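Asker: Under my numbering, the first residue of the sequence shown carries the number 1151, and numbering increases by one thereafter.
First the structure, then my questions, so here it is.
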Amino acid sequence: MHCPFCRHPDSRVVDSRTSDDGSSIRRRRECPNCGKRFSTLEIASLTVLKRSGVAEPFSREKVVNGVRKACQGRPVSDDDLAHLAHKVEEAIRASGQAEIDATDIGLAILPPLRELDEIAYLRFASVYQGFDSLDDFESAIARLRAEDASDS
Ligand SMILES: [Zn+2]
């Protein structure tokens, strides 16, 4: 990691701090050439394998874009969507895998989306799970109702 001030190719770590949830490490570094200090943030990378076989880094923005359409006309704000993407990332990181299938992201989106808005959830599930008849909607709604009843 080179110094952002003088581009010296080396730096010395003066302090390391792990975040409370253990998902990242912040390091304070000092450049031995110019003496200036800077911080680096270390986060484990998450790779998404698409159905085409292409691998790309996990992106919260893509999660938001994927869900936004299902939320059209619903009382869901950009903040809600950002929060949902954060939850999805947490769920995926909690699984402990460094590589995940794109379809698993869809699975991870369903629970927090359901909490957010049931209509958006049904829309998203209908596309993601490939509903092709009213029966599919009916059984999904029946499941929601049954689970709502058991929650209360
Ligand atoms: Zn420097």
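Here a beta-carbon is modelled for each residue, glycine too, at the ideal position from N, C-alpha and C.
All values reported here derive from a predicted model rather than from experimental measurement.
In chain order, what residues of the same chain lie with their CB nearer than 8 Å to the CB of Ala1296, ignoring the 5 residues before and after it?
Answerer: Counted from its first residue, the sequence shown places residue 1296 at position 146. Answer for Ala1296: no residue qualifies.
Asker: Quick one: is Val1163 buried, meaning 16 or more other Cβ sit within 10 Å of its Cβ, or exposed?
Answerer: Locating residue 1163 in the sequence shown gives position 13, where the first residue counts as 1. By the 10 Å Cβ count, Val1163 comes out exposed.
Asker: Taking the CB atoms as reference points, tell me whether Val1204 and Ile1255 lie closer together than 8 Å.
Answerer: On the sequence shown, residue 1204 is found 54 positions in, with the first residue counted as 1. On the sequence shown, residue 1255 is found 105 positions in, with the first residue counted as 1. No. Outside cutoff.
Asker: State yes or no: is the C-beta of Asn1215 nearer than 7 Å to some heavy atom of ligand 1?
Answerer: Counted from its first residue, the sequence shown places residue 1215 at position 65. Result no, Cβ not under 7 Å from ligand 1.
Asker: Considering only their Cβ atoms, is the gap separating Phe1287 from Leu1263 smaller than 8 Å?
Answerer: Working through the sequence shown from its first residue, we reach residue 1263 at position 113. Working through the sequence shown from its first residue, we reach residue 1287 at position 137. In this structure, Phe1287 does not lie closer than 8 Å to Leu1263 by Cβ.
Asker: Of the residues Gln1222, Leu1257, Lys1219, which one's Cα is nearest the Cα of Lys1237?
Answerer: Against the sequence shown, residue 1237 aligns to sequence position 87. Comparing Cα positions, the closest option is Leu1257.
Asker: Classify Leu1231 as buried or exposed, calling it buried when 16 or more other Cβ atoms lie within 10 Å of its own Cβ.
Answerer: Within the sequence shown, the letter at position 81 stands for residue 1231. So Leu1231 counts as buried.
Asker: For ligand 1, any of its heavy atoms closer than 7 Å to the Cβ of Lys1237?
Answerer: Within the sequence shown, the letter at position 87 stands for residue 1237. Not so, every heavy atom of ligand 1 lies at least 7 Å from the Cβ.
Asker: May I have all residues whose beta carbon comes closer than 6 Å to any heavy atom of ligand 1, sorted in chain order?
Answerer: Those residues are Cys1153, Phe1155, Cys1156, His1158, Cys1181, Asn1183, Cys1184, Lys1186, given in chain order.
Asker: Just to confirm before moving on: does the CB-CB distance between Arg1201 and Ala1252 stay below 8 Å?
Answerer: Locating residue 1201 in the sequence shown gives position 51, counting from the first residue. Locating residue 1252 in the sequence shown gives position 102, counting from the first residue. Going by C-beta atoms, Arg1201 is nearer than 8 Å to Ala1252.
Asker: So, at 6 Å on beta carbons, what are the nonlocal neighbours of Arg1177 in its own chain, with the 5 sequence-adjacent residues on each side left out?
Answerer: Taking the first residue of the sequence shown as position 1, residue 1177 is located at position 27. The answer, listed in chain order, is Val1163, Ser1166, Thr1190.
Asker: If you draw a straight line from the alpha carbon of Ile1291 to that of Asp1298, how long is it in whole angstroms?
Answerer: As a first step, residue 1291 must be located in the sequence shown, where it is residue number 141. As a first step, residue 1298 must be located in the sequence shown, where it is residue number 148. Roughly 10 Å separates the two Cα atoms.
Asker: Once the 5 residues before and after Ala1270 are set aside, which same chain residues still bring their CB inside 8 Å of it?
Answerer: Looking up residue 1270 in the sequence shown gives position 120. Cβ within range, chain order: Val1217, Ala1220, Cys1221, Arg1224, Val1226, Leu1263.
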